[in-house]
Amino acid sequence: FHVAPDPHEAVTLIMDLLNKRRDKLGINKKIERKLYDMKDRRELNV
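Okay, so the sequence shown: first residue is 2 according to the numbering used here, each after it adds one.
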């Protein structure tokens, strides 16, 4: 549990915690994202 009296300090603390968790999960990578329209979704083989 973390406590930060200053709101700006709290934001920094929260963002650091989130980024650490994202790194741990492997979802913090900068990759190009593709927006799928309905045609693209229908062509997916999932």
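Glycine included, each C-beta is placed from N, C-alpha and C at the ideal position.
Would you tell me roughly how many angstroms separate the C-alpha atoms of residue 32 and residue 2, rounded to the nearest one?
The alpha-carbon atoms of residue 32 and residue 2 are separated by roughly 32 Å.
What number of angstroms, rounded off, separates the C-alpha of residue 41 from the C-alpha of residue 47?
12 Å
Put residue 40 into one of helix, strand or coil per three-state DSSP.
In this structure, residue 40 counts as helix in the three-state DSSP scheme.
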